[in-house]
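These notes concern the structure reproduced below.
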Amino acid sequence: MSKIKGKLWGYSKSEVEDYLTNIKTNQEIELEKLRKKIDVSDNEIKSLRDELQKLIDSEAKVPKQTLLEFAITRVDRLFEYIYQDVEIDLLEIQKISDQKIEILKNNLIDIENEINKEKEIIERNLKNIVETVRKQEKSKNINVDVLKNIGKVLPIADWLKNNKEEELVHSQEFWGDNDTNTEKAINKMTSDGTTVNLGVVNEDDNTNQVDDFVNKINNNFWDFDLKNDQNETITKEIAVTDEVENYANSSKQTSQEVRDEITSVRDKYILGKVVGEDITDKNGKIIIRKNESITESVMHLAKNEGKLTELIIHMELPGQGD
28 MSKIKGKLWG
38 YSKSEVEDYL
48 TNIKTNQEIE
58 LEKLRKKIDV
68 SDNEIKSLRD
78 ELQKLIDSEA
88 KVPKQTLLEF
98 AITRVDRLFE
108 YIYQDVEIDL
118 LEIQKISDQK
128 IEILKNNLID
138 IENEINKEKE
148 IIERNLKNIV
158 ETVRKQEKSK
168 NINVDVLKNI
178 GKVLPIADWL
188 KNNKEEELVH
198 SQEFWGDNDT
208 NTEKAINKMT
218 SDGTTVNLGV
228 VNEDDNTNQV
238 DDFVNKINNN
248 FWDFDLKNDQ
258 NETITKEIAV
268 TDEVENYANS
278 SKQTSQEVRD
288 EITSVRDKYI
298 LGKVVGEDIT
308 DKNGKIIIRK
318 NESITESVMH
328 LAKNEGKLTE
338 LIIHMELPGQ
348 GD
């Protein structure tokens, strides 16, 4: 530095020397800091090496069985945590399942109520059909002579003129030569042809007694050949109405027709319903698919394949939920 004289690159000698001195001082300070850091790092490395050596020495001293038990303990804890998570998920799933089961139970109750309603309707219709069949069977036993006498002009006693039940009593024994318009000994005809004397009917009180007597006849007709009394009589025509003709003709209905009528009533409550499952025949061929409506052809096909019961079981009723 002593050789530098005057100014150097436009700076004075003293300025340059001060600048270089500062640089040297700062570099020495930085170098000292680095030396300290290196010493600290060396100490840490030495400490880590010592610790590592201790661990290596300890590992050599620890039995393998102990290490295995430690590993098993760790695995058990891991499984315990996993099982806890699974149990939580199961509880949530169970809760959702219980809710769905409750909804399904309510739906089943609604379905059972609908089925009971349908059964009541079917039972009422079947009862009506049975009653109709019984009436038709009874109509077959109508006396042929009764049908022959329908439409004839028959005499009626004068004292029955104002009676609301102006019914004809078909019995030759009912009128005799000694009978009058105001008094008549009433004999009740029985099923075996005998008579039971019920007393004398006067004109004043004959109305109620005649009503009772006529009602007890129960529409049984008997052959008769009545002649006009010497007293005043009236005549009454018995007209053959459409109702009588239809009732007589209805007795010709066959047992097969009755069965068909019962089947039609049953089918009425099946047609148009939707099935909840696919119905297949014995060969696995589709008869009707899920959510399709039951048609007459589908119903006949299911009946022919013996699958009608299965079709009814999977039939969805109105008001059924999801």
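Numbers in my numbering are just positions in the sequence shown, counted from 1, shifted up by 27. Ideal placement from N, C-alpha and C gives every residue a C-beta, glycine not left out.
| Asked | Found |
| --- | --- |
| Short of 6 angstroms in beta carbon distance, which residues of its chain neighbour Glu332, apart from the five on each side in sequence? Order them along the chain. | Asp308 |
| Quick check: what's the CA-CA separation for Leu79 versus Ile50? | 43 angstroms |
| Any idea which residues DSSP pairs Ile306 with across the strands? | Ile315 |
| Is the number of C-beta pairs between the stretch 302 to 322 and the stretch 146 to 160 that are closer than 8 angstroms three or more? | no |
| Does the beta-carbon of Asn133 have 16 or more other beta-carbons within 10 angstroms, so that it is buried, or is it exposed? | exposed |
| Looking at chain C, is there any beta carbon in it that lies within less than 8 angstroms of the beta carbon of Gln54? | The structure shown contains no chain C; it is built from a single protein chain. |
| Can you tell me whether DSSP reads Glu332 as helix, strand or coil? | coil |
| Alpha carbon to alpha carbon, how far is Lys122 from Glu129? | 11 angstroms |
| Could you round the C-beta distance between Gly299 and Ile321 to whole angstroms and report it? I think they count as a contact, below 8 angstroms. | 7 angstroms |
| Look at the alpha carbon of Arg62 and the alpha carbon of Glu55, and state the distance between them as a whole number of angstroms. | 10 angstroms |
| Would you report the Cα separation of Asp103 and Leu82, rounded to the nearest angstrom? | 26 angstroms |
| Looking at the structure shown, is Ser39 part of a helix, part of a strand, or coil, going by DSSP? | coil |
| Which residues in the same chain as Asn53 place their Cβ atom closer than 7 angstroms to its Cβ, once the five residues preceding and following it in sequence are excluded? | none |
| Let's test the definition: count the other Cβ atoms within 10 Å of the Cβ of Val325 and tell me whether it reaches 16, buried, or not, exposed. | buried |
| Cβ atoms of Glu141 and Tyr296: under 8 angstroms apart, would you say? | no |
| Using the Cβ count rule (16 or more neighbours within 10 Å means buried), how would you classify Lys428? | This structure leaves residue 428 out entirely; the chain is present only between 28 and 349. |
| Can Lys334 and Ile313 be called in contact, C-beta distance under 8 angstroms? | no |
| Just mark Leu58 as buried or exposed, buried being the case when its beta carbon has 16 or more other beta carbons within 10 Å. | exposed |
| May I ask whether a heavy atom of the ligand ZN can be found less than 7 angstroms away from the beta carbon of Thr48? | With respect to small molecules bound, the structure shown includes none, and the ligand ZN cannot be examined in it. |
| Would you kindly work out how many angstroms separate the C-alpha atoms of Ser85 and Lys64, rounded to a whole number? | 31 angstroms |
| When you compare only the Cα positions, how much space is there between Thr93 and Gln126? | 50 angstroms |
| Are the CB atoms of Val301 and Glu343 within a distance shorter than 8 angstroms? | yes |
| Whole angstroms is fine: what's the gap from Ile339's alpha carbon to Asp137's? | 17 angstroms |
| Which runs of the alpha helix (DSSP H) spanning at least 4 residues fall entirely within the stretch 55 to 116, listed in chain order? | none |
| What residues are listed by DSSP as bridge partners for Val301? | Ser320, Glu343 |
| Buried or exposed: which applies to Ala98, given that a residue is buried once 16 or more other Cβ atoms fall within 10 Å of its Cβ? | exposed |
| Give me, in chain order, the residues of the same chain whose beta-carbon lies closer than 6 angstroms to that of Glu319; leave out the 5 immediate sequence neighbours on both sides. | none |
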